[in-house]
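Residue numbers (our numbering): -14 to 129.
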């Protein structure tokens, strides 16, 4: 049986997807035209190329980690959310916030969790309302 790659990259938006997905979880565009299936087969030449490219790329700056907002998670379908949660829990994606009501509420719940208080606590509500949440990124993997 042929081994599938760990993930595939969407040509449209650049986001990672599972090897069995037919469409991108982010932009919902198909990975391959209908009826066309592409299986990646490692061969000796590709492996040698990959090794030499890895050595060349070691000097390049680190790639910025993807981010997603709670409101963005809410908009995804179930498989997209599951995949995004996997990336979040593995540290391959960070949670950030925008100024919308969903993100504000999620940030308040996160503050309550960290401070071991109720999300309806007046201190937590005040701190969440006053915080500039646009610049906050959370690595969820530290909690697992």
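All residues carry an ideal CB built from backbone N, CA and C; glycine is no exception.
Counting along the chain, residue 61 sits inside no alpha helix (DSSP H), nor does DSSP assign it H or E at all.
Straight-line spacing of the CA atoms in residue 76 and residue -3 works out to 23 Å. From the listed residues 118, 89, 63, 124, the smallest Cα separation to residue 73 is found for 124.
In the three-state reduction of the DSSP assignment, residue 11 falls in the coil class. Rounded to whole angstroms, residue 70 and residue 11 show a C-alpha spacing of 13 Å. Between residue 95 and residue 126, the alpha-carbon positions lie close to 14 Å from each other. A straight-line Cα-Cα distance of about 8 Å links residue 0 and residue 51. With distances taken between CA atoms, residue 105 lies nearest to 91 out of 91, 122, 118.
Residue 48 and residue 97 have their C-alpha atoms roughly 32 Å apart.
When the alpha-carbon of residue 111 is set against those of 89, 122, 119, the nearest one is in 89. Minimum Cα-Cα distance from residue 128 among the listed residues 79, 84, 53, 103 corresponds to 79.
Selection 101, 102, 53, 83 evaluated against residue 116 yields 83 as nearest (Cα-Cα). For residue 51, the uninterrupted beta strand (DSSP E) segment begins and ends at 51 to 53. Listed in chain order, the non-local C-beta contacts of residue 59 below 7 Å within the same chain comprise 87, local neighbours out to five positions each way being set aside.
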